[in-house]
Amino acid sequence: MAVGAVRRTRFAPSPTGPLHLGHAFAALTAARLADPGQFLLRIEDIDRSRCRPEWEAAIYEDLRWLGLSWPQPVMRQSDRLPAYRAALDRLAGMGLLYPCRCRRADIAAALSAPQEGVIGPDGPVYPGTCRGRSMEDAGPEDAIRLDVRRAFDHLGLDRIGFHDEAVLPGQRHDLTAEDFIAGVGDVVLARRGMGTSYHLSVVVDDAAQGITLVTRGKDLFDSTYIHALLQALLGLPLPLYHHHRLIRDDAGKRLAKRDDARAIRLYRAEGASPADIAAAVGLQEAGDSPASLPHGYLGQEEDP
Ligand code: GLU
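Residue numbers (full-length UniProt numbering): 1 to 304.
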């Protein structure tokens, strides 16, 4: 992000359950690091089987109660399938995609040799069983994968990276092509029956929304290399990143996506105030301006 550029952030929850303290921290962090009026909301609802309209309504209610506001209309990924299709078509036109019919069990069986079982950001690194298949043979039962080696060759790059202002500010985090191929592998860009994936949607949408600072949990740090590769392939601007600490429960375990016991709505029902929630996640008073936070403060705390 160029010096002086607008800091536009977003909070991008999936409406699959109540927002909990981890979401409150993520949303408040994104809002506090944004310039005034530059905090956006995006509903990540591509997985129609898990998303519910009542959870989407609850997201708006909880976030407003926390004191947040955002420009309208809110982007919803379920409205964006043509944009994901166009990005996929572009990558297919470059000869970088292939259809994959492997199920989880097939992949596990192919990886039965223990030394082959490298775990990447999306699980076991795909062994490449379907890599020889052509997109002309793609059927509705297939997922679509990116041939990562070809992608690096296409770009003429031997590494990919991004800048994070919270972890080593000013320094680029790089992953070599060889480490990407071995440790991440051929990522799924369109899941079976869905037409897209988390990685593809998030990259296309961050660009469409003009996000200049992507704030997200440290658990997604390795996924950001995938996003940097997709941004390079699709010719999209590279945002700055801020991978923040994760909120953990009393036992030190990271709050799960569905940790209903720590739902914001439960704390509300028990009489907690928005300031109590901010304090519970280690943030200063809700009224503090982003400028009052020391640079990088949020991400610098060590995980317990
Ligand atoms: N919907 C994603 C999540 O809740 C968004 C994370 C991101 O890409 O920043 O984990």
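All C-beta atoms, glycine included, are put in the ideal place defined by N, C-alpha and C. Predicted, not measured: the structure shown is a model, and the values here were computed from it.
Check	Outcome
Got a sec? Which residues, its chain only, sit under 7 Å from residue 268 by beta carbon, not counting five neighbours each side?	65
Hey, how far is the Cα of residue 180 from the Cα of residue 94?	20 Å
Where does residue 302 land, buried or exposed, given buried means 16+ other C-beta within 10 angstroms?	Confidence in residue 302 is poor, its pLDDT being 37 and thus under 50, which makes the residue's placement too unreliable to answer from.
For the ligand GLU, is there a heavy atom less than 7 Å away from the beta-carbon of residue 220?	yes
Which one of 132, 73 and 159 has the shortest CA to CA distance from residue 146?	132
Is it buried or exposed, residue 188, if we count other Cβ atoms within 10 angstroms and call 16 or more buried?	buried
At what residue ranges does the stretch 91 to 153 contain a whole run of the alpha helix (DSSP H), taking only runs of 4 or more?	104 to 110
Throw me the rounded Cβ distance for the residue 243 and residue 184 pair, which I believe falls under 8 Å.	Rounded, the Cβ-Cβ distance is 17 Å, inconsistent with contact.
Mapping the DSSP letters down to three states, classify residue 161 as helix, strand or coil.	strand
For the beta strand (DSSP E) holding residue 20, just list the boundary residues, first then last.	Careful: residue 20 lies outside any beta strand (DSSP E) and carries neither H nor E.
With a threshold of 7 Å (Cβ to nearest heavy atom), would residue 278 be considered close to the ligand GLU?	no
Quickly, what does DSSP pair residue 43 with across the bridge? List them, please.	76
Taking 7 Å as the cut-off, is the CB of residue 14 close to at least one heavy atom of the ligand GLU?	yes
Kindly indicate the opening and closing residues of the beta strand (DSSP E) around residue 190.	188 to 190
Which same chain residues, not among the five before or five after residue 6, have their C-beta less than 7 Å away from its C-beta?	35, 38 and 212
Take the Cβ of residue 304 as the centre, count every other Cβ of all protein chains shown within 10 Å, and call the residue buried at 16 or more, exposed below.	In this prediction, residue 304 has a pLDDT of 32, which is less than 50 and means its spatial position is unreliable; what the coordinates show is noted afterwards. By the neighbour-count rule (16 or more Cβ atoms within 10 Å), residue 304 is not buried but exposed.
Express the C-alpha separation of residue 82 and residue 23 in angstroms, rounding to a whole number.	28 Å
Which one of 17, 25 and 193 has the shortest CA to CA distance from residue 139?	193
Does residue 77 pass the burial test, meaning 16 or more other C-beta atoms within 10 Å, or should it be called exposed?	buried
Please list, in chain order, all residues of the same chain as residue 299 whose beta carbon is under 7 Å from its beta carbon, the five residues on each side excluded.	Because residue 299 sits at a pLDDT of 32, beneath the cut-off of 50, its placement in the model cannot be relied upon, and the following sentence gives the value as read from the coordinates. Excluding residues within five positions, the ones whose Cβ falls inside 7 Å are 166, 167, 242, 243, 244 and 245.
Are residue 162 and residue 224 close, meaning C-beta to C-beta below 8 Å?	yes
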